[in-house]
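K.L.:
Residue numbers (the working numbering): 259 to 335.
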């Protein structure tokens, strides 16, 4: 998957806490279902590629912040 598709997906989630909980959970099937409901077509392999560096199998808050354009912890004051 191209990172721009993931970025658009995360942007579409916005501040919806239920959707953010799903994305942060790392539950591949729930993420795929949520993405599909928003018009995106991700595979389990796409999700695995995104979380490859994370041993828990989920994206960290900092990774989500970086993808979504937020500052992330390394820029917090």
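Positions of the beta carbon are idealized from the N, C-alpha and C atoms, including for glycine.
(1) How many Å lie between residue 276 and residue 288 at the Cα?
(2) Buried or exposed: which applies to residue 293, given that a residue is buried once 16 or more other Cβ atoms fall within 10 Å of its Cβ?
(3) Beta-carbon separation of residue 345 and residue 296 under 7 Å?
(4) For a test of the three-state rule: what should DSSP assign to residue 285, helix, strand or coil?
(5) Rounded to whole angstroms, what's the CA-CA distance from residue 284 to residue 291? Just pull it up for me.
P.N.:
Working from what's here:
(1) Position 18 of the chain shown holds residue 276. Position 30 of the chain shown holds residue 288. Their backbone Cα atoms lie some 11 Å apart in a straight line.
(2) Sequence index remark: in the chain shown, residue 293 carries index 35 (1-based). Buried: at least 16 other Cβ atoms inside 10 Å.
(3) Past the edges of the chain, shown from 259 to 335, lies residue 345, and the structure says nothing about it.
(4) The count along the chain shown starts at 1 and reaches residue 285 at position 27. It is coil, neither helix nor strand.
(5) Taking the chain shown and counting its residues from 1, the one referred to as residue 284 is at position 26. Taking the chain shown and counting its residues from 1, the one referred to as residue 291 is at position 33. Between residue 284 and residue 291, the C-alpha separation is close to 12 Å.
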